[in-house]
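Here's the structure we're looking at; comments come further down.
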Amino acid sequence: MPEDKVVLCAGDRNCMDIVKCLIAGSGPAGYTAAIYAARANLNPVIYSGMELGGQLTTTTTVDNFPGFPDGIDGGELVARMKRQAERFGVEVRSGVITKTDFSKRPFKLTIDSKDEVLADTVIIATGASAKYLNIPGEQKFRGGGVSACATCDGFFYKNKEVAVVGGGDTACEEAVYLSGICKKVSMIVRRDVFRASKAMQDRVASKSNIEVLWQCEPLEVVGDESGVTGIKIKDVKAGAERIVPVWGVFLAVGHHPNSEVFKPWINMDAEGYVITEPGSSKTNVPGVFAAGDVADLHYKQAITAAAAGCKAAIEVDKFLQEV
Ligand code: NDP
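Every number in our numbering is 1095 more than the matching position in the sequence shown, counting from 1.
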């Protein structure tokens, strides 16, 4: 962009620093956007958000990201993306965006409820976070027997019985991971089929210490002062309720997009997924783009998030050249 077009310091702002391309989120979408933006001389700044590195840091081996024929640990993959971004001068700032004002450019964003930053363009790459069930006992024992991350907390349940709720790829992955640590894993699946891919289903089937409890709905996490002692479920087919005795309950029932802070300005669907123009990362606010799981109801893969980040950075560059 020609320098004379950078009219970003006028009026009442007292020449507060203006970020040319602010990227919210530090997962594959955010880092890929940052790599492309940096290479286009847009001096991108990443605000890493609450979950530094995003969901990849809570997963085990990633087997489907091209370029790693033997698989790669999720945390390692995202750490490499960060190093790659930093090689091109990307500034990664820790901080959570707590307020936005997209009424005019440059946009105003509040970080950690105190600092303000102005940005000429924004890429929303805040991803998605694990959902909870909202059943009794769940919040009470959160962090003390209820977890949404097997790789983070599985170690605490060595040689013990645990339950995994959910029938998707995450649930299967968590169950397989836990089967290597725990004595027994009970998978609580509400339908009579998995939602997970065939490959993940096969991995579950290959583990003798995973039992799948089909058509069972979680009702309550039960426990005492020592922590979780079981999960109460309703066996829909048998029409009966029972308690499965476990020490830990791992939730893997999907994710919700981290888009709340952008809601006043950005069009979203009922679930909070950012709506972008078809085939583009443009949102309804010119200069604000979205990439990755926060705008992706369907694919939700590290590779699709990375690709979306790439597209967003290219679109930011084009936008800045045209304004
Ligand atoms: P999904 O939405 O795919 O699956 C959620 C699971 O939780 C479903 O089985 C769903 O049941 C169940 N569920 C939802 N709500 C409840 C509830 N209240 N009570 C009981 N069960 C419930 O989420 P995932 O996190 O598994 O996967 C998200 C995306 O990430 C997917 O696209 C997946 O393919 C991808 N992924 C890929 C991986 C890989 O390739 N290695 C690893 C992990 C995720 P129901 O089926 O009945 O709706």
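Glycine included, C-beta positions come from ideal geometry on N, C-alpha and C.
Going by the beta-carbon positions, is the gap between residue i and residue j smaller than 7 Å?
i     : j     : result
T1153 : C1244 : yes
H1350 : S1143 : no
V1389 : T1221 : yes
V1280 : L1346 : no
G1190 : D1215 : no
L1308 : I1283 : yes
G1343 : Y1272 : no
A1133 : F1183 : yes
A1270 : V1241 : no
V1187 : I1141 : yes
D1248 : M1295 : no
V1341 : V1257 : yes
Need the endpoints of the beta strand (DSSP E) that residue i sits in, please.
i     : result
L1204 : 1202–1206
Per DSSP, which residues does residue i bridge with? Please list them.
i     : result
T1156 : D1168
Y1142 : A1119, R1188
R1337 : I1328
D1210 : I1206
I1305 : V1280
L1346 : V1260
L1242 : Rather than Leu, the amino acid found at residue 1242 in this sequence is Ser. Per DSSP, F1345.
S1224 : H1351
A1385 : I1219
P1161 : Answer is none; P1161 lacks a bridge partner.
D1319 : G1322
V1114 : A1214
C1247 : Note: C1247 sits in no beta bridge, so no partner.
P1313 : I1328
Between which two residues does the alpha helix (DSSP H) carrying residue i extend?
i     : result
V1191 : Premise fails: V1191 is in no alpha helix (DSSP H) and is neither H nor E.
A1270 : 1264–1274
V1411 : 1397–1417
Q1150 : Segment: none, Q1150 is in no alpha helix (DSSP H) and carries neither H nor E.
Roughly how many angstroms lie between the CA atoms of residue i and residue j, to the nearest whole one?
i     : j     : result
Y1394 : P1373 : 15 Å
G1125 : K1332 : 44 Å
M1096 : P1201 : Its pLDDT being 38, under 50, M1096 is placed unreliably in this model, and the coordinates cannot settle the point.
D1287 : T1378 : 39 Å
E1410 : L1117 : 13 Å
R1108 : E1211 : Confidence at R1108 is low in this model, with a pLDDT of 46, below 50, so its placement is unreliable and no value can be given for it.
E1417 : A1407 : 15 Å
V1317 : I1326 : 6 Å
K1302 : G1262 : 16 Å
E1181 : V1173 : 12 Å
E1312 : K1329 : 5 Å
K1209 : L1137 : 25 Å
A1403 : A1397 : 10 Å
E1355 : E1146 : 15 Å
D1319 : S1375 : 51 Å
Q1310 : F1289 : 10 Å
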